[in-house]
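Engineer: Under this note's numbering, the first residue of the sequence shown carries the number 527, and numbering increases by one thereafter. Here a beta-carbon is modelled for each residue, glycine too, at the ideal position from N, C-alpha and C. Below you will find the structure I want to go over with you.
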Amino acid sequence: MEQTLSANALSMIDRYIHFRFGSAVCSVPYFNNKTVRARAALRATIGKGSPQDILSELESVAVKLHADRDALADETLKKILADSGLGVDCSAFAFYVLAAEAEARGYGKLERHIHFVNCTGLVGKVRCSLRPVENCDVATLADDRNSRIVTLDGVQPGDFISMLNDGEEKERDHILVVDRVGYEGAARPAKIHYSHAVAYPEDGVYGTGVRQGVIELNSAQGGAGSDTGSVTGSGDVSGAGSGAADHARSLTEALWSENGSVKGAERLFERAKKSKTEIRRLNLFEDIKNDK
Numbered sequence: 527m528e529q530t531l532s533a534n535a536l537s538m539i540d541r542y543i544h545f546r547f548g549s550a551v552c553s554v555p556y557f558n559n560k561t562v563r564a565r566a567a568l569r570a571t572i573g574k575g576s577p578q579d580i581l582s583e584l585e586s587v588a589v590k591l592h593a594d595r596d597a598l599a600d601e602t603l604k605k606i607l608a609d610s611g612l613g614v615d616c617s618a619f620a621f622y623v624l625a626a627e628a629e630a631r632g633y634g635k636l637e638r639h640i641h642f643v644n645c646t647g648l649v650g651k652v653r654c655s656l657r658p659v660e661n662c663d664v665a666t667l668a669d670d671r672n673s674r675i676v677t678l679d680g681v682q683p684g685d686f687i688s689m690l691n692d693g694e695e696k697e698r699d700h701i702l703v704v705d706r707v708g709y710e711g712a713a714r715p716a717k718i719h720y721s722h723a724v725a726y727p728e729d730g731v732y733g734t735g736v737r738q739g740v741i742e743l744n745s746a747q748g749g750a751g752s753d754t755g756s757v758t759g760s761g762d763v764s765g766a767g768s769g770a771a772d773h774a775r776s777l778t779e780a781l782w783s784e785n786g787s788v789k790g791a792e793r794l795f796e797r798a799k800k801s802k803t804e805i806r807r808l809n810l811f812e813d814i815k816n817d818k
């Protein structure tokens with residue numbers, strides 16, 4: 527038995543994973559604007575683009591390159607996107623998926639329900655109203671004014687896993703969107719399926735993108751790099767209220783796998799152990815009941 531995001535939100539994820547241009551298909555590359563931030567830049571060129579934003583900009587790029595969209599190979603499409611700086615970062619990806627879910631649940635535009643913590647004063651508020659995606663980072667989504675911690679037993683599609691404050695290494699904050707939850711019987715979650723935009727060091731220039739993975743909560747433990755294709759371990763993750771410690775231990779003792787890649791899952795798992803990692807739900811979704 528399982529629950530999934532709405533068809534609208536799942537379609538948004540698919541449009542990033544299977545981005546199409548002519549006959550070519552690839553995952554939209556990961557792109558972070560930290561080092562190339564530009565005021566009033568196009569969303570697609572600073573890691574904040576929707577699939578449609580990226581497609582619109584790609585059409586202009588293809589004209590400049592004299593590229594035949596009907597003759598492009600998948601690898602060529604990915605290279606053009608990456609070389610042109612067209613992609614999405616983790617918070618923008620999460621924003622668009624959660625926005626699609628909010629629309630499907632009848633809440634309207636997500637930005638109308640977000641408290642933009644980095645925007646103060648009249649000018650800041652105007653800036654955020656005009657460019658909400660650009661001003662909605664992981665810390666904003668994980669702020670208590672926008673979301674709350676949920677227990678592992680209460681996890682549901684539409685929740686997210688935030689990873690903040692990565693100690694001395696100072697890695698960027700990260701976010702995973704829970705797109706599907708498989709249940710053991712009719713109550714306890716057994717598998718958490720997630721999607722995220724990510725770039726691992728071993729990905730190089732053209733291997734980054736939107737990926738999906740699974741956190742198996744009831745699987746037997748095994749070492750990182752074991753034959754299971756998953757990683758496990760222990761460690762504390764921040765929680766809140768009663769049961770927070772159990773939530774943390776269960777999450778970090780689970781089996782993590784991603785696209786069949788042990789290395790990919792291992793790196794993400796290690797990040798989860800080091801960071802302030804929480805399962806959170808938008809306050810907007812408080813009234814959604816688990817109707818498995």
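For H700, is the classification buried or exposed, using 16 other Cβ atoms within 10 angstroms of its Cβ as the cut-off for buried?
Structural biologist: Counting other Cβ atoms within 10 Å of its Cβ, H700 reaches 16 or more and is therefore classed as buried.
Engineer: Give the range of the beta strand (DSSP E) segment to which F686 is assigned.
Structural biologist: 686-690
Engineer: Please report how far the alpha carbon of E629 lies from the alpha carbon of L636, in whole angstroms.
Structural biologist: 8 angstroms
Engineer: Between I543 and S553, which are expected to be in contact by the criterion C-beta below 8 angstroms, what is the C-beta distance as a whole number of angstroms?
Structural biologist: 5 angstroms
Engineer: Identify, in the order they occur along the chain, each residue of the same chain with its Cβ nearer than 6 angstroms to the Cβ of P902, setting aside the five sequence neighbours on each side.
Structural biologist: Only positions 527 to 818 of the chain appear in this structure, which leaves residue 902 out of reach.
Engineer: Quick one: what does DSSP say A791 is sitting in, helix, strand or coil?
Structural biologist: helix
Engineer: Which partner residues does S783 have in the DSSP bridge list?
Structural biologist: V740
Engineer: For the 8 angstroms Cβ check, are there 3 or more pairs between the segment 675-695 and the segment 796-806?
Structural biologist: yes
Engineer: Please classify Q578 as buried or exposed, where buried requires at least 16 other C-beta atoms within 10 Å of its C-beta.
Structural biologist: exposed
Engineer: Please report the straight-line C-alpha distance between R671 and N809, rounded to a whole angstrom.
Structural biologist: It is roughly 8 angstroms from the alpha-carbon of R671 to the alpha-carbon of N809.
Engineer: Nearest by alpha-carbon distance to A665: which of W782, K604, S537, C616 is it?
Structural biologist: C616
Engineer: Helix, strand or coil for D670 per DSSP?
Structural biologist: Three-state DSSP puts D670 in coil, outside helix and strand.
Engineer: Near R653, which residues of its chain fall below 8 angstroms by C-beta distance, leaving aside the five closest residues on each side in sequence?
Structural biologist: So the list reads C645, N661, once near-sequence residues are dropped.
Engineer: In angstroms, rounded to a whole number, what distance separates the CA positions of G711 and R631?
Structural biologist: 26 angstroms
Engineer: Helix or strand or just coil, what does DSSP make of T571?
Structural biologist: helix
Engineer: Using CA atoms only, rank isn't needed, just tell me which of I539, A608, L598, R638 is closest to A570.
Structural biologist: A608
Engineer: Starting from P683 and walking both ways along the beta strand (DSSP E), at which residues does that stretch end?
Structural biologist: No beta strand (DSSP E) holds P683; DSSP gives it neither H nor E.
Engineer: Roughly how many whole angstroms lie between the Cα atoms of D540 and K651?
Structural biologist: Whole-angstrom Cα-Cα distance: 32 angstroms.
Engineer: In whole angstroms, what is the alpha-carbon distance linking L781 and V681?
Structural biologist: 17 angstroms
Engineer: Whole-angstrom Cβ separation of A618 and V649, contact assumed at under 8 angstroms?
Structural biologist: The Cβ separation is near 22 angstroms, so there is no contact.
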